[in-house]
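Same order as they appear, the protein sequences are chains L and Y. Count along the first sequence starting at 1, add 6, and that's the number in the working numbering. Count along the second sequence starting at 1, add 6, and that's the number in the working numbering. Idealized CB from N, CA, C, for every residue including glycine. Report on one structure; see the data block that follows.
Number of protein chains: 2
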Amino acid sequence: MSATSFTYVQRNRKMVFGPGVRNTLGAEVSELNAQKVFLIIDGGAIALRKSIEDLVGNKLVSTWTDVKQHVPVELAESARSAVTNSSADLVVCVGGGSSTGLAKAIALSHRIPIIAIPTTYAGSEQTTIYGLTGDRHKQTGSDAIVLPRVSLYDAELTVDLPISVTGASAFNALAHSVESLYATGCNPITTAIALEGIRAINLSLPLVMSSPKNIEARAQLLYGAAMSGISLGDTSAGFHHKICHVLGGAFGLVHADAHSVVLPHAVAFNAPVLPFEMNQLAHALDCRQDDVAGSLWDLAKRSGVPSSLAQLGLHRENLAEVATRAAAEIRTNPRNFDAASIELLLQGAFDGVRPLATN
Amino acid sequence: MSATSFTYVQRNRKMVFGPGVRNTLGAEVSELNAQKVFLIIDGGAIALRKSIEDLVGNKLVSTWTDVKQHVPVELAESARSAVTNSSADLVVCVGGGSSTGLAKAIALSHRIPIIAIPTTYAGSEQTTIYGLTGDRHKQTGSDAIVLPRVSLYDAELTVDLPISVTGASAFNALAHSVESLYATGCNPITTAIALEGIRAINLSLPLVMSSPKNIEARAQLLYGAAMSGISLGDTSAGFHHKICHVLGGAFGLVHADAHSVVLPHAVAFNAPVLPFEMNQLAHALDCRQDDVAGSLWDLAKRSGVPSSLAQLGLHRENLAEVATRAAAEIRTNPRNFDAASIELLLQGAFDGVRPLATN
């Protein structure tokens, strides 16, 4: 059985969780024997600039604030030049996935370590995956050097994350965890970590959405996102993420907003061929085994995040094209699919109906 | 809350699970760029000598078979001299905890990596902990270099492990996982891994004990032991292990045999102050929350391992002294204790009665 034949690789990394742990940044810089710190802060976290600069202290050689989604190659090259000029030996990145992504581009070229201070739920600080976007294509790869050596998870830095970003980012993380349960590369260890992420997000997200300043709930959500990051890094994104990718790329929807809409329907589609994984999910979500997809839909509703593609501005006549494109992009999935079955799934997502229980 | 304030450190390590994975040994040696392999095989695994030597091939510089429990200092020094003489740049250890322990002593002094091929359920190949025993005292410590870089978990190498060793070794692993749920240093991640170990051992041990050649059950047990090793390495042994240590040290019982006897009673003692952990254990063991200790006792019975101290040859009149010594050794425990309360617990363990449900 596959459950007992697998390879699991762990990489050196330190994760520090707790309100206030940003204050250990100076100590972590010293522990890595770094002398010159290149600081990256994205727009969403720019209010933290002064306080983080103070924490780095006199080892700060440069602060970089020009951060864009998907790490455009030109941007990476500019930042890399600045790093070369500053002789930095460490990158500290503060913010969401775009900030981490730029730090990874630098780590890749300059072979220097990263300390990450995530302020969203992207989770990319827990993966060895990097990506750079050019005019024509996206360069992605995996390299141990881009995995941050230290990640400081300080929920106090997340209380001002807007509700809309919070919900979208958290559902992206949740989707990664859920899909990792049956993705290529999954094994009992990645599954245990993913279920930990799912449990934490399921419990904390509705609390955070109704009380964004609830530090304890924010901390649990951040923890869940970190676990989702690990499980993503060890496996790969699948069916659901490809559909969201098409929705974001070709139809101008904000990629992250689609997650809460599509996930319940993607899970409902695969549920009939995944009884074992649905049992695990039912435990993690504390729901009936035949109602996992419905439970995810309920979570979206309870959290007040989008639950229909119509609501996101898609038009019904586009569903066929989304389905065709997605079907061409998806390489592997537990259940057989074609454009027609994906279109049917998208109908439910478009209307925002609660997925039916499987039987 | 502590559940969201903690530090978790992961170290470079690769775990390969699967029947037959010993055949990747040569490739793993090459991947670590090693040229000269020092091979350690203990008595329990000596039948594998020829086949492992063949797998190492012409990079083998020496095979060491003099292995003793608790790594006596003189033995470590002899082995270290042999390593120096052979100019080895890698240690491969095959066998149980004693073999791994000697490899760690060498890694510590010579700063060379280890590849471990465990054939018992000790789990020490997943920890940075080392120990050396002198005439008067035991030297223990933690060093990243002693954590094997690669561990090959090949259940085919475990089918001939005698039933008595299997049961004792597996219950030792189980006890590590259980105690790690409330040990100093525990956190949600160590707990998730420990629960994974507990689930796997609980499901597989009775199968292995009744059908020792069942490869699938052996593989699951080996996996559970690996998870227990990780959770032990990240936390520390507590109450139960100190009691077993006293039983083994001062009263001549085989240390490992005491685990299956003591664990249910140690858990019963702590259960009233650990409702959250008992709930987690109840899920992992698939039993009622108020009957976790009883469920562990049932597992021992189902597995045919010792369940009373009387059966192990202890005398009732020794219980008071065991209790006094254990009370002096135990540093921290969730529930307050004294010699009298430990003696009461030991009475139950002596008689081998099923622990009562908590309420």
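State the Cα-Cα distance for the pair residue i and residue j, rounded to the nearest angstrom.
| i | j | result |
| --- | --- | --- |
| residue 40 of chain Y | residue 16 of chain L | 20 angstroms |
| residue 216 of chain Y | residue 298 of chain L | 37 angstroms |
| residue 50 of chain L | residue 28 of chain L | 17 angstroms |
| residue 122 of chain Y | residue 360 of chain L | 50 angstroms |
| residue 176 of chain Y | residue 207 of chain Y | 7 angstroms |
| residue 47 of chain L | residue 187 of chain Y | 38 angstroms |
| residue 93 of chain Y | residue 42 of chain Y | 7 angstroms |
| residue 229 of chain Y | residue 166 of chain L | 42 angstroms |
| residue 263 of chain L | residue 59 of chain Y | 57 angstroms |
| residue 23 of chain L | residue 157 of chain L | 8 angstroms |
| residue 355 of chain L | residue 242 of chain L | 23 angstroms |
| residue 265 of chain Y | residue 280 of chain Y | 20 angstroms |
| residue 18 of chain Y | residue 18 of chain L | 5 angstroms |
| residue 170 of chain Y | residue 191 of chain Y | 32 angstroms |
| residue 247 of chain Y | residue 181 of chain Y | 8 angstroms |
| residue 4 of chain L | residue 318 of chain L | No statement about residue 4 of chain L is possible, as the shown extent of chain L runs from 7 to 365 and does not include it. |
| residue 274 of chain Y | residue 14 of chain Y | 29 angstroms |
| residue 235 of chain Y | residue 347 of chain L | 45 angstroms |
| residue 116 of chain Y | residue 335 of chain Y | 33 angstroms |
| residue 20 of chain L | residue 350 of chain Y | 42 angstroms |
| residue 147 of chain Y | residue 84 of chain Y | 20 angstroms |
| residue 52 of chain L | residue 160 of chain L | 16 angstroms |
| residue 196 of chain L | residue 237 of chain L | 5 angstroms |
| residue 213 of chain Y | residue 25 of chain L | 45 angstroms |
| residue 145 of chain L | residue 189 of chain L | 22 angstroms |
| residue 345 of chain L | residue 341 of chain Y | 60 angstroms |
Considering just the uninterrupted stretch of the beta strand (DSSP E) at residue i, what are its terminal residues?
| i | result |
| --- | --- |
| residue 69 of chain L | 66 to 70 |
| residue 125 of chain Y | From DSSP, residue 125 of chain Y is part of no beta strand (DSSP E); its letter is neither H nor E. |
| residue 16 of chain L | 12 to 16 |
| residue 101 of chain L | 96 to 101 |
| residue 20 of chain Y | 19 to 23 |
Hey, could you find the ends of the alpha helix (DSSP H) residue i is sitting in?
| i | result |
| --- | --- |
| residue 250 of chain L | 245 to 257 |
| residue 336 of chain L | Residue 336 of chain L -> no alpha helix (DSSP H), and no H or E assigned at all. |
| residue 282 of chain L | 281 to 291 |
| residue 221 of chain L | 221 to 240 |
| residue 268 of chain Y | 264 to 276 |
| residue 356 of chain L | 345 to 357 |
Pop quiz: residue i and residue j are said to be a contact at Cβ under 8 angstroms. What is the actual Cβ separation, rounded to whole angstroms?
| i | j | result |
| --- | --- | --- |
| residue 103 of chain L | residue 130 of chain L | 5 angstroms |
| residue 118 of chain Y | residue 149 of chain Y | Not a contact, Cβ separation roughly 13 angstroms. |
| residue 269 of chain L | residue 184 of chain L | 7 angstroms |
| residue 332 of chain Y | residue 252 of chain Y | 5 angstroms |
| residue 325 of chain L | residue 353 of chain L | 7 angstroms |
| residue 288 of chain L | residue 245 of chain L | Not quite, the Cβ-Cβ distance comes to about 20 angstroms (not below 8 angstroms), so this is no contact. |
| residue 77 of chain Y | residue 108 of chain Y | 6 angstroms |
| residue 239 of chain Y | residue 135 of chain Y | 6 angstroms |
| residue 124 of chain L | residue 139 of chain L | Not confirmed; about 21 angstroms, so no contact. |
| residue 68 of chain Y | residue 44 of chain Y | 5 angstroms |
| residue 89 of chain Y | residue 112 of chain Y | 5 angstroms |
Is residue i close to the ligand SAM? I mean its beta-carbon at under 7 angstroms from any heavy atom of the ligand.
| i | result |
| --- | --- |
| residue 203 of chain L | For the structure depicted, the ligand SAM is absent and the ligand set is empty, with no information on it obtainable. |
Which residues, taken in chain order from the segment 189 to 201 of chain Y, show a beta carbon closer than 9 angstroms to some beta carbon of chain L? Listed by position along the chain: 193, 194, 195, 197, 198, 199 and 201.
Which parts of the segment 104 to 145 of chain Y are runs of the beta strand (DSSP E), unbroken and 3 residues or longer, counting only runs that do not cross its ends? Contiguous beta strand (DSSP E) elements confined to the segment 104 to 145 of chain Y occur at 120 to 124 and 135 to 139, taking only those with 3 or more residues.
What are the residues of the segment 150 to 177 of chain L that lie near chain Y, defined by any Cβ-Cβ distance shorter than 8 angstroms? Residues of the segment 150 to 177 of chain L whose Cβ lies closer than 8 angstroms to any Cβ of chain Y, in chain order: 161.
Could I get the ranges of all uninterrupted alpha helix (DSSP H) runs contained in the segment 147 to 205 of chain Y, with 4 residues as the minimum, in chain order? Counting only runs of 4 or more residues that sit fully inside the segment 147 to 205 of chain Y, the alpha helix (DSSP H) segments are 169 to 186, in chain order.
Contact residues within the segment 77 to 103 of chain Y, judged by C-beta distance below 7 angstroms to chain L: Within the segment 77 to 103 of chain Y, no residue has a Cβ that lies closer than 7 angstroms to any Cβ of chain L.
Residues, ordered as in the chain, of the segment 229 to 263 of chain L that lie near chain Y by beta-carbon distance below 7 angstroms: Flagged, chain order: 229.
For the segment 17 to 28 of chain Y, which residues have a beta carbon sitting closer than 9 angstroms to at least one beta carbon of chain L? Residues passing the 9 angstroms Cβ filter: 17, 18, 19, 20, 21, 22, 23, 24, 25, 26 and 27.
At a Cβ cut of 7 angstroms, what residues of the segment 130 to 142 of chain L count as close to chain Y, listed as they run along the chain? Only those residues of the segment 130 to 142 of chain L whose C-beta falls short of 7 angstroms from the nearest C-beta of chain Y would be listed, and there are none.
Closer than 7 angstroms, Cβ to any Cβ of chain L: which residues of the segment 108 to 127 of chain Y, in chain order? Result list empty, no residue passes.
Near-chain Y residues of the segment 210 to 227 of chain L (beta-carbon distance less than 8 angstroms), N- to C-terminal order: Listed by position, the residues of the segment 210 to 227 of chain L near chain Y (Cβ gap below 8 angstroms) are 222, 225 and 226.
Where in the segment 293 to 335 of chain L do unbroken runs of the alpha helix (DSSP H), each at least 4 residues long, occur, reported from the N-terminal end onward? The segment 293 to 335 of chain L contains these whole alpha helix (DSSP H) runs: 298 to 309 and 325 to 335.
Chain Y contacts from the segment 28 to 60 of chain L (Cβ-Cβ distance under 8 angstroms): Within the segment 28 to 60 of chain L, no residue has its Cβ closer than 8 angstroms to any Cβ of chain Y.
Residues in the segment 285 to 302 of chain L having any Cβ partner in chain Y nearer than 9 angstroms: Flagged, chain order: 289.
Where are the beta strand (DSSP E) runs, 3 residues long or more, that stay fully inside the segment 35 to 89 of chain L, in chain order? With a minimum length of 3 residues, the continuous beta strand (DSSP E) runs that stay inside the segment 35 to 89 of chain L are 43 to 47 and 66 to 70.
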